[in-house]
Amino acid sequence: MGSLPRTDWLGIGLALLLISLVAFAVATRVGHSRLDDLQYPAESLGRVLDRHLGFYESYPPLPSWEKLLHRALFGTPDAVLDESLGMADEVLAYLHGEREQAQPWTVRNILARVAVALGEAGRLMELERVLTRMDEDLEASAMADAVRQAYLYDEAVLSAAEARAGAALLPWGWASDRLRLKLTRWYADDKLASLLTDRLKENANSARHRLLLLTAILFVTAMVGLRFLHCLGSFQRDPPWQAAALAQPWSFGEGIGVTLRAAVLGVSISILLQIYAGPYFRPGFLASWSTLFASLPMLWLIQRRLLSPRGLSLADAFGLNRPLRGWKSLPAVLGVVLLLDWGGTFLISWGTWHLGWGAHWSESLHERMIFGPWDSNFFSAINLVVWAPLFEEIGFRGLLYVSLRAVMPFWSAALLSAIVFSALHLYSLPGFLSVFWSGLVMAWAFERLRSLVPGILVHAAGNGVSLAVVLLFYR
């Protein structure tokens, strides 16, 4: 029996190496808490609690449709409170087991926010239990006394100076403002009460207005998609582009060989860039654009091994050029793909949430975007909105999907490439299903429209919306 050719041995070695890297990544997540993904779980929780609990603050008379929108997206105020308390319990339990992160002030600040939330909700028995726990710490006991004065006492037990000193220990945000406002009923300070009332109302109104703006943008996008939905038939008969890779695909073996090499090199570069990333909130330029630098070997391998022998460029192979009907056809194309992608993703997220399988609250929380400086965030945002969509579409739809398409029908190749795409994101079930759906839609768009352009732009828009949510509501 003859020996395997050198290229086969290399392919087997690369496959084993890649499997080892994936197995290591999966093994490190066995027994893994979602909170391990956060560098500052207590501080991130504090920001989430302040923004979630403050959303229904000074709730004004609103049109029924707007109230329905709020409840459909977030639940009732009581449901938001219960969810927030559950988050706090989870982080407190996590910090109990992670002593290096359980600094006294982190636990103290969480308990103080929980105490104010319970006091505002009138859940006094639960409040008493939290305050008893706070009494175990000297500084926390001062905050606990201020909370008791605000929500439990029937008279001014503390002096104004003592109450204000205790309230001043709370971290800035909704809980601090709420507590200080409540204390003004005992220590007459109309100016402070007016200032705090206006600030709480302004913050809540700002969040609700931003939600309306974002909802309006998504709604208009959906309407554009519906307007052009009838174009699907014409797109299939007469595709706007002509991707040469789909017309004359390379062989499965060639494509998988390039995929393995690109994956191993990309993962290795990503690991190196993360090791030398620098400070967490000020990562270096190379780390901020890790997707770009990790993807360069893939582009080189695709061009050298798959396209150059066929006399093709990247633009010709993947339809990265002007549509055959001109750019005027682009709004119709994007509208339809956006409608399919975002519509399915919304139904998955909303449905799993209502079934009790919602994504973990920390899953889409970008701490760098929330707490980091704007100059560093700019490069990270470019990585998220430009480089990630571009190279993920080339890698998963352009390289992997086309390689699978050489040996299997459309739906089989689309399903398998979407499974790989979603599995490598290591999300929870709702996140997995959402990314899986997007992978299916992008593969369908590439097959029917003969170009990666729609997928890249829709992928970028989706990442942009995720980034906008973080910046608009948590920054």
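Numbering (my numbering), first residue to last: 863 to 1337.
C-beta: ideal position from N, C-alpha, C; glycine also.
Residue 1033 in three-state terms, based on DSSP
Numbered from 1 along the sequence shown, position 171 holds the residue referred to as residue 1033. Coil, per DSSP.
Would a C-beta distance cut-off of 9 angstroms place residue 1105 and residue 1181 closer than the cut-off?
Here residue 1105 refers to the residue found at position 243 when the sequence shown is read from its first residue. Here residue 1181 refers to the residue found at position 319 when the sequence shown is read from its first residue. Cβ atoms of residue 1105 and residue 1181: closer than 9 angstroms.
Cut-off 8 angstroms between Cβ atoms - residues of its own chain near residue 1295, not counting five sequence neighbours on either side:
The sequence position of residue 1295 within the sequence shown is 433, counting from 1. The residues are 1210, 1214 and 1284.
Touching or not, the segment 1026 to 1045 and the segment 1059 to 1075, by the rule of three or more beta carbon pairs under 8 angstroms?
yes
If you reduce the DSSP assignment to three classes, tell me which class residue 1222 lands in.
Along the sequence shown, read from residue 1 onward, the residue named residue 1222 stands at position 360. If DSSP states are grouped into helix, strand and coil, residue 1222 belongs with coil.
Within a Cβ cutoff of 7 angstroms, which residues of the same chain sit near residue 1298, ignoring the five residues on either side of it in sequence?
Within the sequence shown, numbered from 1, the residue matching residue 1298 stands at position 436. Same-chain partners within the cutoff: 1280, 1281 and 1284.
Does DSSP put residue 1193 in a helix, in a strand, or in coil?
For the purposes of this step, residue 1193 is taken as residue 331 along the sequence shown, with counting starting at 1. Three-state result, residue 1193: helix.
In terms of residue numbering, what span does the alpha helix (DSSP H) encompassing residue 1299 cover?
Here residue 1299 refers to the residue found at position 437 of the sequence shown. Counting along the chain, the alpha helix (DSSP H) containing residue 1299 begins and ends at 1291 to 1311.
Can you name the start and end residues of the alpha helix (DSSP H) that residue 1077 belongs to?
Looking up residue 1077 in the sequence shown gives position 215. Unbroken alpha helix (DSSP H) run through residue 1077: 1052 to 1089.
Assigned exposure category for residue 866 - 16 Cβ within 10 Å defines buried
Sequence index remark: in the sequence shown, residue 866 carries index 4 (1-based). Its pLDDT being 41, under 50, residue 866 is placed unreliably by the model, and the measurement read from it follows with that caveat. Counting Cβ neighbours within 10 Å, residue 866 comes out exposed, since fewer than 16 surround it.
Hey, residue 992 and residue 976 are a contact pair by Cβ (cut 8 angstroms); roughly how many whole angstroms apart?
As a working mapping, residue 992 is identified with position 130 in the sequence shown. As a working mapping, residue 976 is identified with position 114 in the sequence shown. Rounded, the Cβ-Cβ distance is 6 angstroms, consistent with contact.
Determine whether the beta carbon atoms of residue 1259 and residue 1304 lie at a separation below 9 angstroms.
Position 397 of the sequence shown, counting from 1, holds the residue named residue 1259. Position 442 of the sequence shown, counting from 1, holds the residue named residue 1304. Yes, Cβ-Cβ distance for residue 1259 and residue 1304 is below 9 angstroms.
Taking only the alpha-carbon atoms, compute the straight-line gap between residue 1199 and residue 1300 and give it to the nearest angstrom.
As a working mapping, residue 1199 is identified with position 337 in the sequence shown. As a working mapping, residue 1300 is identified with position 438 in the sequence shown. If you take the alpha carbons of residue 1199 and residue 1300, they lie about 10 angstroms apart.
Once the 5 residues before and after residue 1149 are set aside, which same chain residues still bring their CB inside 7 angstroms of it?
Translated into the one-based positions of the sequence shown, residue 1149 becomes position 287. Closer than 7 angstroms at the Cβ level, and outside the excluded window around residue 1149, lie 1135, 1136, 1139 and 1140.
Whose C-beta lies closer than 6 angstroms to the C-beta of residue 1174 among residues of the same chain, with five residues either side of it excluded?
Here residue 1174 refers to the residue found at position 312 when the sequence shown is read from its first residue. 1106, listed in sequence order.
DSSP-derived helix/strand/coil call for residue 1321
Against the sequence shown, residue 1321 aligns to sequence position 459. Note: residue 1321 maps to helix in three-state DSSP.
What did DSSP end up calling residue 1110 once you bin it into helix, strand or coil?
For this step, residue 1110 is matched to residue 248 along the sequence shown. Looking at residue 1110 - three-state DSSP - the assignment turns out to be coil, as it is neither helix nor strand.
Go through its chain and collect everything with a Cβ distance to residue 1322's Cβ below 6 angstroms, but skip five positions before and after it.
Translated into the one-based positions of the sequence shown, residue 1322 becomes position 460. Excluding sequence neighbours, residue 1322 sits near 1247 and 1251.
Taking the continuous alpha helix (DSSP H) assigned at residue 1270, which residues delimit it?
As a working note, residue 1270 is residue 408 in the sequence shown. Segment: none, residue 1270 is in no alpha helix (DSSP H) and carries neither H nor E.
Would you grab the beta carbon distance between residue 1086 and residue 1185 for me? Rounded to a whole angstrom, and I think it's under 8 angstroms.
For the purposes of this step, residue 1086 is taken as residue 224 along the sequence shown, with counting starting at 1. For the purposes of this step, residue 1185 is taken as residue 323 along the sequence shown, with counting starting at 1. The Cβ separation is near 17 angstroms, so there is no contact.
Could you pull the start and end residues of the alpha helix (DSSP H) that residue 1251 belongs to?
Numbered from 1 along the sequence shown, position 389 holds the residue referred to as residue 1251. From DSSP, the alpha helix (DSSP H) with residue 1251 extends over 1250 to 1254.
Beta-carbon within less than 6 angstroms of residue 1231's beta-carbon, same chain only, minus the 5 sequence neighbours each way: which residues are those?
Looking up residue 1231 in the sequence shown gives position 369. So the list reads 1239 and 1332, once near-sequence residues are dropped.
Distance, residue 1115 Cα to residue 863 Cα
The residue given as residue 863 occupies position 1 in the sequence shown. The residue given as residue 1115 occupies position 253 in the sequence shown. Reliability fails at residue 863, whose pLDDT of 43 lies under 50, so the model's placement of it is uncertain and no value is given.
Taking the CB atoms as reference points, tell me whether residue 903 and residue 921 lie closer together than 9 angstroms.
Counting from 1 along the sequence shown, the entry for residue 903 is found at position 41. Counting from 1 along the sequence shown, the entry for residue 921 is found at position 59. Not a contact, by the Cβ cut-off of 9 angstroms.
From 1308, 1154, 1127 and 1334, residue whose alpha carbon lies closest to that of residue 1228:
Locating residue 1228 in the sequence shown gives position 366, counting from the first residue. The shortest C-alpha separation from residue 1228 is found at 1334.
Going by alpha carbons, who is nearest to residue 1167 out of 1091, 906, 1022 and 1121?
Taking the sequence shown and counting its residues from 1, one reaches residue 1167 at position 305. Of the candidates 1091, 906, 1022 and 1121, the one whose C-alpha sits nearest the C-alpha of residue 1167 is 1121.
Roughly how many whole angstroms lie between the Cα atoms of residue 1082 and residue 1013?
Indexing the sequence shown from 1 puts residue 1082 at position 220. Indexing the sequence shown from 1 puts residue 1013 at position 151. Answer to the nearest angstrom: the Cα atoms are 45 angstroms apart.
DSSP state of residue 1129, grouped into three classes?
The sequence position of residue 1129 within the sequence shown is 267, counting from 1. Correct three-state label for residue 1129: helix.
Proximity of residue 1317 and residue 1124 at Cβ, strictly below 9 angstroms
What you label residue 1317 is simply residue 455 of the sequence shown in a count that begins at 1. What you label residue 1124 is simply residue 262 of the sequence shown in a count that begins at 1. No. Outside cutoff.
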